[in-house]
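Everything on this sheet refers to the single structure shown next.
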Amino acid sequence: MAEIATLGQIGGVDVRSATLTGPGGFSVVLLTYGARLAQLWVPDWAGLLADIVLGHDTLDDWQTQGGYLGATCGRYSNRIADGRFLLGGQPVQVDQNEGAQHLHGGAQGFDRKIWGIDSHSDSHVTFVTTSPAGEMGYPGTLTAQVTYRVEDAGLGIEMTAQTDAPTVVNLVNHAYFNMAGQGSGDVLAQHLQVTAGFYLPVDDRLIPTGEVLSVTGTAFDFRSPRAIGERMPGPGGFDHNLCLSAPLGADGLRPCLEAVDPASGRRMRMATTEPGVQLYTGAHFDGTPGKAERLDGDFPVEIAPL
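The numbering of the sequence shown is this note's numbering, which starts it at 476 and goes up by one.
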C-alpha cells in the first residue's frame, strides 16, 4: 500500500502525505492539502536521484506562500475575465481574487482544501473533495476526484468530477518542473518540444483575446526541440496556452511534449486528453521560499494540460 503519514494540521484537520514508489528509485510524494504533487524523484543517466518539482519544506510554507505549487486547481483553473460567465444564458459571478479576474477557482479554491483519501494501493492514491453549491460563486454541488498512479517509471494523473446541477469545471495540476532538480538553478538551458502549431494570444490581464495564431516565426514555436532560454518572449516569459496538433491515440491520449535536461539526461514525456497545454515560466516568483533556495522568475517551467 501507499505509505501514509500525518504531517500536521491546518484548521484542526490533519494533513497527510502519501508516498508511491517505482523502479530505480522513482518515487512520488503527495499531500492531501490541495491534492498536491509535492515531490517527484527521478534518476539521471548515472542513477542519481533528484526531485524535479518545486515545492516547500514546511506545511506552513505550503499554506502561506501561494504560487499553487503542485496543487490541483479548481473548480475552474486559469482566468475568468471579470469573474463572470454565462451558463444557460444566465450570468454567473464568481470570486474575483486576482484584481477583477477570477483565478484558479478563487481565494478558497481546491488548492486550499484538505482532500480526503478515497483509496490507495501500492501503485495509486485517489483523493476526493466536495464543493457545496455557491462556494466561490459556482452553481451546483461538485464532487471531484484526482488519482495519481505510478506506472513503471512514470506518473499518471486522472481527474474526474460529478455535479448535481449545470455548472463549469476545469481541473488542472499546477506542478512546476525543473528537470535538473530543485535547487539547481534556472531552466533556461533545458530543452522543450511541444506538438503545438498554434497558440492563444493574451491581453494585459492574461485573458485570451479570442485569436488563434500560428506559432510559425514566433517565440511559441517549440515544434522542434529548443532551449527554453532561446525562446523567452521578453521579461514576462511565457504564460500562454499552446494548442496541440497531435491526434488522440488508441489509449485516448495525445502526445504533448518532451522536456530534457541535457546535463543530467533526465527526460519527461507528457500525453494528455486535453486540446492544449499552458506554458508558464514563473514570472511572479520574487524570492518565494522553496525547498532548497528562494524562487525567482524564470526559475521553473509549469506545463499544465488544459
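Glycine included, C-beta positions come from ideal geometry on N, C-alpha and C.
Among the candidates the options, whose CA atom is the shortest distance from the CA of residue i?
| i | options | result |
| --- | --- | --- |
| ILE632 | PHE501, GLN620, ALA725 | GLN620 |
| SER552 | ARG698, ARG729, THR756, ASN716 | ASN716 |
| GLY541 | THR601, MET654, TRP516, GLY584 | GLY584 |
| ARG645 | ASP597, ARG554, ILE527 | This sequence places Asn at residue 645; Arg is not what is there. Minimum Cα distance to ASN645 is reached at ARG554. |
| GLY757 | GLY712, ALA746, PRO737 | GLY712 |
| PRO737 | GLY509, ALA721, PHE760, MET654 | MET654 |
| LEU754 | GLY564, ILE703, ASP519, GLY658 | ILE703 |
| ASP586 | ASP570, ALA510, PRO683, LEU723 | ALA510 |
| CYS548 | GLY629, GLY581, GLY558, ASP532 | GLY581 |
| LEU743 | GLU749, GLY751, ASP726, HIS666 | Residue identity check: residue 743 is Met in the sequence provided, not Leu. Of the candidates GLU749, GLY751, ASP726, HIS666, the one whose C-alpha sits nearest the C-alpha of MET743 is HIS666. |
| LEU562 | GLY692, ASP726, THR642, ALA694 | THR642 |
| GLU478 | ALA636, SER502, GLY709 | SER502 |
| THR618 | ASP714, HIS595, GLY591, LEU630 | GLY591 |
| ALA556 | SER659, GLY574, THR693 | GLY574 |
| ILE485 | ALA493, SER659, GLU686, THR533 | THR533 |
| ALA546 | VAL687, TYR623, GLN657, SER659 | TYR623 |
| MET707 | PRO700, VAL735, PHE695 | PHE695 |
Tell me which residues share the same chain as residue i and place their Cβ nearer than 7 angstroms to its Cβ, disregarding the 5 neighbours each side in the sequence.
| i | result |
| --- | --- |
| ASP639 | GLY615, THR616 |
| ASP593 | THR601, PHE602, VAL603, GLN620 |
| ARG729 | LEU719, ALA721, PRO722, LEU723, ALA746, THR747 |
| GLY497 | VAL625, ASP627, ALA628 |
| SER689 | GLY672, PHE673 |
| GLY483 | VAL490, LEU534 |
| GLY656 | ALA525, ASP526, ILE527 |
Hey, residue i and residue j: beta-carbon distance below 9 angstroms or not?
| i | j | result |
| --- | --- | --- |
| MET634 | VAL625 | no |
| LEU732 | VAL677 | no |
| LEU663 | SER598 | no |
| THR539 | ILE589 | no |
| GLN576 | ARG680 | yes |
| LEU505 | LEU512 | yes |
| PHE652 | ILE527 | yes |
| PRO518 | GLY500 | yes |
| MET476 | HIS595 | yes |
| SER659 | TRP520 | no |
Near residue i, what residues of its chain come up, given a Cβ to Cβ distance below 6 angstroms and the 5 sequence neighbours on each side ignored?
| i | result |
| --- | --- |
| ASP489 | THR481 |
| LEU675 | PRO683, ASN716 |
| LEU515 | VAL503, ILE527, VAL528 |
Could you pull the DSSP bridge partners for residue i from this structure?
| i | result |
| --- | --- |
| TYR623 | VAL600, ILE632 |
| ASN716 | LEU675, GLN753 |
| LEU607 | Rather than Leu, the amino acid found at residue 607 in this sequence is Pro. None, per the DSSP bridge assignment. |
| SER492 | ALA480, LEU506 |
| PRO683 | VAL677 |
| THR691 | Its beta-bridge partners do not exist; DSSP assigns none. |
| HIS595 | VAL600 |
| ALA746 | PRO730 |
| GLN576 | GLU573 |
| THR618 | THR605, GLN637 |
Once the 5 residues before and after residue i are set aside, which same chain residues still bring their CB inside 8 angstroms of it?
| i | result |
| --- | --- |
| TYR613 | ARG550, TYR551, VAL567, VAL569, SER606, THR642, VAL643 |
| GLY751 | ALA671, LEU675, ASN716, LEU717, CYS718, LEU719, PRO780, LEU781 |
Starting from the N-terminal side, write out each stretch of the alpha helix (DSSP H) that is 4 residues or longer and does not extend beyond the segment 494–539. With a minimum length of 4 residues, the continuous alpha helix (DSSP H) runs that stay inside the segment 494–539 are 534–539.
For the segment 540–568, which segments carrying the alpha helix (DSSP H) assignment without a break, of at least 4 residues, lie completely within its bounds, in sequence order? Segments of the alpha helix (DSSP H) lying fully in the segment 540–568: there are none.
Could you give the uninterrupted runs of the alpha helix (DSSP H) lying entirely in the segment 693–742, keeping only those of 4 residues or more? Whole alpha helix (DSSP H) segments, 4+ residues: 703–706.
Within the segment 631–672, note down every full beta strand (DSSP E) run reaching 3 residues or more, in order along the chain. Within the segment 631–672, the runs of beta strand (DSSP E) that reach at least 3 residues and sit entirely inside it are, in chain order, 666–669.
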